[in-house]
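Structure record follows, encoded as structure tokens.
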Amino acid sequence: MGVNRNPQIKYTQVFIDNEWVDSVSGKTFETINPATGQVIAKVQEGDKQDIDRAVQAARNAFKRGSVWRTIDASERGR
1 MGVNRNPQIK YTQVFIDNEW VDSVSGKTFE TINPATGQVI AKVQEGDKQD
51 IDRAVQAARN AFKRGSVWRT IDASERGR
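68 is the number that full-length UniProt numbering gives to position 68 of the sequence shown; each next residue is one higher, with no gaps.
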């Protein structure tokens, strides 16, 4: 297996409520390609506020009467 020296970064945001969004703080951190040592992306840095948003979104998705709540776990994972 060869080394991918030019990886493509698809997402640099945090995934909350079925969307890629910027973190609340706007802070980022560099992701380094270990094969070259080069910076390949700046990725959003999630923190407590982002976790709180994600937890609230998950709670809302599973409220009584929600369609999401009735979907089998294997289906939700697709």
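Idealized CB from N, CA, C, for every residue including glycine.
Predicted, not measured: the structure shown is a model, and the values here were computed from it.
From Gln-44 to Pro-34, what does the alpha carbon distance come to, in whole angstroms? Residue 44 sits at position 44 when you count from the first residue of the sequence shown. Residue 34 sits at position 34 when you count from the first residue of the sequence shown. If I take the Cα positions, the gap works out to 19 Å.
Please report how far the alpha carbon of Ile-51 lies from the alpha carbon of Thr-28, in whole angstroms. For the purposes of this step, residue 51 is identified with residue 51 of the sequence shown, where counting begins at 1. For the purposes of this step, residue 28 is identified with residue 28 of the sequence shown, where counting begins at 1. In a straight line, the C-alpha of Ile-51 is about 16 Å away from that of Thr-28.
Take the Cβ of Ile-32 as the centre, count every other Cβ of all protein chains shown within 10 Å, and call the residue buried at 16 or more, exposed below. On the sequence shown, residue 32 is found 32 positions in, with the first residue counted as 1. With fewer than 16 other Cβ atoms within 10 Å, it is exposed.
Which one of Gly-77, Val-55 and Ile-9 has the shortest CA to CA distance from Ile-30? Counting from 1 along the sequence shown, the entry for residue 30 is found at position 30. Before going further, note that residue 30 is Glu rather than Ile in the sequence given. Answer by Cα proximity: Ile-9.
The beta strand (DSSP E) that contains Ala-41, what's its start and end? Numbered from 1 along the sequence shown, position 41 holds the residue referred to as residue 41. Run containing Ala-41: 39-44, per the beta strand (DSSP E) assignment.
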